[in-house]
Structure formats: C-alpha cells, structure tokens
Amino acid sequence: MPTSTARSSTAKIQEYCQKAIEIVFIGALFIAPWLFGSAGPTGQFLLTLGWGVAVFAFIVWLVSGDRLVWRGGLEGLGIVVGLAMIGCSAAIHLLFVPESIQSFFAPGMSTWQGLIPADAWPRASTAAGPMANQSFWFASNRLGLNPGGSFQFLINTIIAITTFVMAACLRAPESFLRRIAWSAVVVGLGVSIFGIAQHVGSHDGLAYWTYEIEGGLGFGPFINRNHYPFFMNLCLGLSIGLLLDRLAAMGRHWPTMLFSDSTTSWLLVAIAFMAASIIICVSRGGVISAVLAIMIMVTIHLNLGQAAKFTAIGLAVAVPVTLIMLWVGFEIAESRLTMIAETDRYSSDGRWHLWRVALATVPDFPWFGSGGETFRYWETIYTSSNPRWNSAGMKSIRADNEFLDVLNEYGILGFAGLILALAAVIRTISKSARTTGLAAGACIGLLAVCFHSVVDFGLRVPATGFFATVVAGLLVSLPKTKPHRGSGRSRRGRQRAREFADSGPMETRRETPSEPQPLGREWWIRLGIGVVLGLAVLMVFRIKRGGFDSYRFRKSAEALTEVERYEDAAESMRRAATAVPWDVTSRLDYVRTLQLAIRHSQADASRAVAATKILNQGQLINQQCPLVWQPYAYTVQYGSDQLAPAERLKMLSLARRFHPGEPNVALLVGRGSLNLVGLDAAIPSYRDALKYSPRYASFVVDDLGHNLSTQQVTEQLLPADPETCLKMAEEFAERGMDDLSIASAETAFRQLKAPDQLDRNFEPGQIEFFRSEALKILDKPQEALDAMRQAVNQNPKDVPMRLRLAQMYFEADRLEEATREVRICLQFKPGDGAARRLQEEINRRKSGPSALIGT
C-alpha cells in the first residue's frame, strides 16, 4: 500500500506538471502577440518568465519518478540536432582560440579586426569605469566579430530547443494540439479584427493608434507588416484543421450541416477574418506562402469524394473575405499585391541587394559565420550603387531570408543545422498531412512559415518563434497513421483509448507491491539533467532580466532628455549599457546621449569629461565589434588634438570603408583629402556626399565652389540625380557663380531626358516638376510654366507642387490663375500656411495702385 500511495502521488505530481506546461504554452499564445509580438524587452522578459515556469515544471516531472517518453521520433530528434548545430555555431564564437585555428576557420578575422593598433587610439582616462573591465565581450582571438550578438542568439536557441523538447514529451499530444488550435482560433480572430480596425481607423505607421513605428509600417500589434502573416498563418492553418475535422465528423451529412452547425459557422467566420487580414496587410510573401501551403494540402487530400467539400469550403470563405475587403475599402489594384504578377519589378527590390551581401562574406567566414547581429554592418560595408539602398536613412538588420541570414552569421555549420531541421519538418509534414484534419491544419501553418522564411525573418519575432516551436513539437508527436473508422468503439471511447495509450508504457501504470528500491543510476542521470536545465533557466532569466533593466534605464534616459536634464540622462543610459554588456547598440546609444550632454553643456570641465567617456566607449565598441564605423568618427571628433592630420584622415577613411553610404563622413574625408592631397583626390568623396544626400550641397559649394571649373562640376562632381543637381544650381546661384549654376541645371535637364537610367523612382509628376525647375534656372519662364502645369496634371492632389505652380503664376503677374490654384490648394489642405500667405500677397497685389487705376 505505501508503494501504491507513493506511485499515486507521483502520478498526480506529473499530471500537475503537464498541466502547468500546457497552461504556460496556451497563456503565451494568448499574451505574446499583443506585446508587439514580444519583440521588445518587456515582452521577451514576460515570455521568458513563463518559459522558466514551464521548464521548472518539466524538471519536477523529469525527476519525480516515471521515465519521460520521447514522442518526437527520428524527425523530432532531427529538429533538435539541427537547432543544436546552430546553437553550437553561436557558442563557438564565444571561445578564445589560437591564431592558427582562427586563420583556418575564419580567415576574414585578420582582414577586419585590429585595423588600428591599440596604442594608436587617442589616450583617454579610465572614466568608463566598470564597463571597461567587461573584456570577455571583446572579439580578439575568436572565430566571430561580434561575440555579444552570438551570445544573445545562443540564449534564444536554448529557449527554442527546450520548448520543442517539452512539447514533444507531453502526453496525449493530439488532445493538447486541439486545445492549442482552439486557442489559436480565438487569438487569431482577435488579432485579425484588431489589425483590420487599426488599418481602417489609422495609418499603419502607428501601433495601437498611439505608438510611432520607426523605420516602416506595421499591422495589428506587430511592428512589421511582413511579420504579421507568420503568426497569422499558423492560426489560420490550425483553424482550417479544426474545420476539416469538424466536417469529417459530420460524414456524408456535411452539406446540410455546414451552415446549421454553430461551431462550423464560427470557424468559417474566424477563417474569413484571418484570411482577409493577411491580404489587407499587403505582405506579398505572406499571401503567397499561405496560398502555396493550402494548395499543397488540398492536393494531398484531393480526390473525387473530397472535391465538392473543398469547393464548398473555398466558396464559404471567399465570399465573406470579399465582403470584408469591400467593407474596409481595400483595393488590390492599388496595393503592393499587384507586384506579385510583375516579376521584373523584383529586380528593383532591395532583397536582391541584401542577399548578395549575405553571400559576400561567406568566403571570409565559411565554417561558423561572422557572428551574431553582424549582417547589419555587412549591409553598410558592401555598398550598393543605388543610393536608395545605401544611405544614412536606409539600414537593414537582416537579410530578409532566414537561410542566408544563418549562413552569413553562423556559417556552414549553422546553415547545415537549419537545413536538417527543415528537412525533419518537411518529412513530418509528408507523414502527418493525410492522418487527420487537425494535423493537416498544423502542416499548413508550418509550411506557410517555411515558405515565407525564404523572403523574410518572421521566425525571429519571439511570439511567432515560440508558437511555431510548440506546434512543431506537437506535430512530430502525433501518430503517423490514419485512424480507422468503425473500430468497434464510440468516438469518445476511441479518444479515451488513445489518451490511455499516450499516457506512457504499461509497466509504469501497474502497481507493484514491492519494497521501495534504492535510487538507481538512471535517476541520478535525470537529476543531473534537471540541475543543468535549472541552471540554464537561471542564466537565461538573468540575461533577459538584464535586457528588461536596460530598457527601463533607457526609457528613464529618454524622459530626462525631454526635460533637458542631459547629464542625468547620460548616467541613466550608462546604467542601461552596463546592464547588457554584450550589446553594442546600447553602448552606441550611451555615446549619443553623451554627445547631447556635450552639445548643451556650458561648463568646459563637464564637456571634457564627457568627451573622454566617448573616446573610451569608442575604443571598447571597436574591440567588441570591429565592424562598427562610429568609433573612428568619435576619435576624430573628440580626440583630434592628439592626432596628426594624416592620422585623422586615416580614421575617417576607415569610417568610410565601414559605412560608404554615410554622407557626413564622406564630406569629412573630402575635406581632409582637400587639405592634405588636393582637389582631384577630394572630389570623389564630395561627390559621394552629394550622392547620398542633397542637403550637403551648401557645404560642398562652400568648400570647392571657387576652385572648380565647369568641366569638373559636370563630369566629376555632380551625381546622377537631378534633384541634387538642381540643389547645387541653387547654391551656386546664391553665391554668384552663374556659370556653374547654369551648368548644373543643364546637367539635371539632360538626366531627366533618360529617367530610366537613374537610380531612383519618381513619383507621378516629379519628372516634369524637376524639368520646370531646371528651365526656370535656364531663364525659360514660359517653358518652365508649361512643364509645371503638366506636373500638376499628372498629380493633381500634390499640394506643394500645385502651390509652386501658383507661385509661378504670381511671379508672371497672372493673378487669376494664381488665385484659382491657391483656392484648390486650400480645398485639399485648408490649414496650409504657405498657401494662405500666398493668397494674402495675391490679394494685396490685386488691391494695389494698378488695380485702383483700372477702376
């Protein structure tokens, strides 16, 4: 009896542990997407907290008595091994290795590391304090260029592996997958309705109608509209799976019960909203991946008996989707989705540039990659000739291809691991697709995620990655054979039989009235595994807690900056950087805050201390990740008194090498070359400054204007951009250099004759607008006026363009036409100050002496 009681209590403990894991997984599914996909520190910390609870429950389950049963089979083992290979590649970047090993496995380290000897940096005090002692994160004698980034990725890989293992060890996986699917229906319906409502009631640059999204457009609670379909396709697939199971249970009576069954009707409503939201978010990859995944599953299941059912389901979903899109006023013809049918348009898509960059670094770091979070730096180093994709305002942190991203940052080992995991998922899908409708739905979601990962990186969003990992773990655990109909039991009886069979080996359920046995070697092994898992949880929790603390200090610094307490803001940002010593970005933000403090400080001593801190941080950043370009600029800006002119030019040239698209650095290199070498050596750098930003035109004219000939301006200085050429023409004219102004305007006019050869896209009417400006500088007022009229006709709702036409009418003393154009401007934009001022000037001229004489 005591043994029986002990086994009973052990069984209860294990049951409670499994329930705890399931509650955490379902809770994460409900909460994670609403916190901006848990992409921020707060969402990641909460998700990690729930994961830690699940792992501790798993540890108790592991050591409480009965042996856990691995239900993932060979496919699940392949996924675990694949993820472990990627994690090992990231872990290798943290190891110190001899130079001989470094030169063999990562020959690019000698090219990109240590370009400036340590003793060549300006001498600075140890004002960086404890941050200078965190030397573990420096990149010397390693196989990667950013060990801190690899460390962050390793932590996320540990979370993914443990989550998958927990999901693959759960008892009754089919029952839990069904609960997950119903949760996905609720969450997917809520998120899709919210996304559509926000799209209609606001613009996609705002999240929750309040928070400005930096660098792009979001959809729903996700800050990137291309990441939204990753999560939603998983919800959509599971919802379709529930619908297929529901129809299968109806048997041959499904045509009469399709709309009479309330559960089926609600599933159709949820699927319609999810599908409509994926279309409305205008993610081309999301739409294509969903369609391909559904078509593949339909092809697998399709037969003559199923054709009518799939047709009815398609119509039952397509009609409400169309009605929803009509209700919100969505027009496919005016969206990005029209580019799906225009394959030649993808040649101008930045993804091709990003993919070329990802492949360019493979020869330098073939085996283990260049390190985590290094692609963002390679993207600026391997410049594109197109300034739209290489400028101060354009920066990509990922390759927009999960496979190339892993190959770039984690090398052949990481890439092989990813391919192995993908092959295991595909094999699981091929085995499970024909078993049950629910399994087919899970296959749809995972297939869509795999397809979409070819053109984006939505799996890096924690909410989606966690969801996909749980679904994959449950799918590999399902039986790979189709259940037989009419097995002699009722449906509920068969379900209970499956759950009983899933509950573990028969031996573990029998009561054996023997004396308690001493703890064996197997139990000690399980205890050791539990201890390792517990230590891993504590380490991961500490790391994520550091990110959350850094976020709190960062928000405090932002609040202090708004009230102009810049020194306090710098101290708060220092604490933020100290909380995450592996994060280069936090150090850069700390330096930016110090620069604000210098700019607004009146005390020379405070400015000198802040400058010293910047120099220290610049050297630390360079040691931690040599690919960052800012430290070289910091050295010139704050340590120039310790550097000779040639050393300053060398530092700036290195900054240009690591970020050729930064116009400010190009301008500074041009000035240094002008002083040390001469005009001919300086012109290319000045040209690059103009190429990436026309706002540097005034500086270029001030530096070079009186030393340039007309031929040098037209053939060497002006870039292939009519807007910049016109800006240069204006600057030359303001300084009385009429010949150079005319030459710049003529260059712009010639460029506009062949706009297809220029590296920019023109908005409607923009070509004629620039042509009008060029003709005006060339003293052809009537032709300029005609060109501006054509520009307005091509884009009648463009208020600045129409206002420019009104100004030209006013200058030509054609007051009636000017009045008409101003009135139209005020109809489009009633509060436009420039239009009202021009209207007042027109009225004053109409009521002047000439008007009085006419009366």
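In full-length UniProt numbering, the protein residues as written are 1 to 855. Even glycine gets a Cβ: it sits at the ideal position worked out from N, Cα and C. As the structure is a prediction and not an experimental result, all values here were calculated from the model.
Close-in-space but distant-in-sequence residues of the same chain around residue i (CB under 7 Å, 5 per side omitted)
{"i": "Ile193", "result": "Phe273"}
{"i": "Thr343", "result": "The predicted position of Thr343 is uncertain, since its pLDDT is 41 and thus under 50; a value taken from the coordinates is nonetheless stated next. Counting only Cβ-Cβ distances below 7 Å, and skipping sequence neighbours, we find nothing."}
{"i": "Gly50", "result": "Val24, Gly27, Ala28"}
{"i": "residue 881", "result": "Because the chain spans 1 through 855 in this model, residue 881 falls outside it and cannot be assessed."}
{"i": "Phe30", "result": "Ser183, Val187"}
{"i": "Ile598", "result": "Arg607, Ala610, Ala611"}
{"i": "Glu783", "result": "Leu775"}
{"i": "Arg837", "result": "none"}
{"i": "Ile824", "result": "Arg802"}
{"i": "Tyr410", "result": "Ile86, Ser89, Ala90, Phe368, Gly369"}
{"i": "Leu815", "result": "Ile842, Arg845, Lys846"}
{"i": "Val531", "result": "none"}
{"i": "Asn707", "result": "Leu679"}
{"i": "Ser347", "result": "Because the pLDDT of Ser347 is 43, which lies under 50, any placement of that residue in the model is unreliable, and the number read from its coordinates should be weighed accordingly. Closer than 7 Å at Cβ, skipping near neighbours: no residue."}
{"i": "Ala168", "result": "Trp70, Arg71, Gly72, Gly76, Gly473, Val476, Ser477"}
{"i": "Leu785", "result": "Met808, Ala812"}
{"i": "Phe365", "result": "Ala106, Gly108, Gly411"}
Best match in the options for proximity to residue i [C-alpha to C-alpha]
{"i": "Leu170", "options": "Glu22, Gly831, Arg844", "result": "Glu22"}
{"i": "Pro684", "options": "Leu654, Leu718, Arg695", "result": "Leu718"}
{"i": "Leu668", "options": "Asp680, Phe658, Ala633", "result": "Ala633"}
{"i": "Phe553", "options": "Leu177, Leu413, Ala576", "result": "Ala576"}
{"i": "Leu247", "options": "Val287, Gly437, Arg592", "result": "Gly437"}
{"i": "Ile381", "options": "Ala682, Trp367, His353, Ala603", "result": "His353"}
{"i": "Gly144", "options": "Gly371, Leu77, Ala160", "result": "Gly371"}
{"i": "Phe769", "options": "Asp759, Arg804, Ser741, Glu731", "result": "Arg804"}
{"i": "Ala733", "options": "Arg836, Gln751, Asp756, Leu778", "result": "Leu778"}
{"i": "Ser396", "options": "Leu407, Tyr377, Glu409", "result": "Tyr377"}
{"i": "Ile158", "options": "Tyr551, Gln782, Val537", "result": "Val537"}
{"i": "Glu522", "options": "Gly329, Val63, Ile426", "result": "Val63"}
{"i": "Gln637", "options": "Gly43, Leu615, Asn233", "result": "Leu615"}
{"i": "Leu422", "options": "Gln198, Glu75, Asn226", "result": "Glu75"}
{"i": "Ala181", "options": "Gly37, Gly445, Asp786, Asn224", "result": "Gly445"}
{"i": "Trp582", "options": "Ile79, Phe138, Ala440", "result": "Phe138"}
{"i": "Val580", "options": "Gly148, Leu47, Trp112", "result": "Gly148"}
{"i": "Met297", "options": "Asp261, Asp245, Arg434", "result": "Arg434"}
{"i": "Ser38", "options": "Ser601, Ile288, Ile223", "result": "Ile223"}
{"i": "Gly205", "options": "Ala197, Leu217, Ile196", "result": "Leu217"}
{"i": "Thr361", "options": "Ala197, Met109, Trp34", "result": "Met109"}
{"i": "Leu533", "options": "Phe231, Ile79, Thr163", "result": "Thr163"}
{"i": "Gln623", "options": "Ala603, Cys725, Leu115", "result": "Leu115"}
{"i": "residue 873", "options": "Thr374, Leu690, Ile767", "result": "Examination of residue 873 is not possible in this model, given that the chain is present from 1 through 855 alone."}
Same chain, Cβ closer than 8 Å to residue i, neighbours up to 5 away in sequence not counted
{"i": "Gly765", "result": "Gln790, Ala791, Val792, Asn793, Gln794, Asn795, Asp798, Met801"}
{"i": "Asn401", "result": "Arg351, Leu354, Trp355, Ala358, Ser453, Val454, Val455, Asp456, Phe457"}
{"i": "Ser847", "result": "none"}
{"i": "Leu95", "result": "Arg142, Leu143"}
{"i": "Ser9", "result": "none"}
{"i": "Ala20", "result": "Val53, Ala54, Ala57"}
{"i": "Ser239", "result": "Ala181, Ala184, Val185, Gly188, Leu267, Ala270, Ile271, Met274, Gly441"}
{"i": "Phe415", "result": "Phe403, Val406, Leu407"}
{"i": "Val628", "result": "Tyr377, Val584, Leu588, Ile621, Asn622, Phe658"}
In DSSP terms, what residue i is bridged to
{"i": "Leu206", "result": "Glu212"}
{"i": "Phe219", "result": "Phe222"}
Cβ distance (whole Å) where residue i is taken to contact residue j below 8 Å
{"i": "Ile161", "j": "Gly87", "result": "7 Å"}
{"i": "Trp367", "j": "Phe105", "result": "5 Å"}
{"i": "Val449", "j": "Ala424", "result": "Not really, about 14 Å apart at Cβ, beyond 8 Å."}
{"i": "Ala570", "j": "Leu594", "result": "5 Å"}
{"i": "Leu475", "j": "Ser432", "result": "6 Å"}
{"i": "Pro229", "j": "Ser283", "result": "5 Å"}
{"i": "Leu588", "j": "Ser572", "result": "About 16 Å; that fails the 8 Å criterion."}
Residue i: CB within 7 Å of a non-hydrogen atom of the ligand PLP
{"i": "Ser772", "result": "In the structure shown, the ligand PLP is absent, as is every other ligand, since no ligand is present at all."}
Beta-carbon contacts of residue i that lie in its chain and below 6 Å, excluding the five residues immediately before and after
{"i": "Gly236", "result": "The sequence shown places Leu at residue 236, not Gly. Excluding positions up to five away in sequence, the list reads Met274."}
{"i": "Arg498", "result": "Reliability fails at Arg498, whose pLDDT of 49 lies under 50, so the model's placement of it is uncertain and the value that follows must be treated cautiously. Hits under 6 Å: none found."}
{"i": "Gln716", "result": "Ile683"}
Identify every run of the alpha helix (DSSP H) within the segment 5-86, keeping only runs that are complete inside it and at least 4 residues long; order them along the chain. 41-63
Could you give the uninterrupted runs of the alpha helix (DSSP H) lying entirely in the segment 531-590, keeping only those of 4 residues or more? 566-579
Segments assigned alpha helix (DSSP H), at least 4 residues, entirely inside the segment 437-466: 437-452
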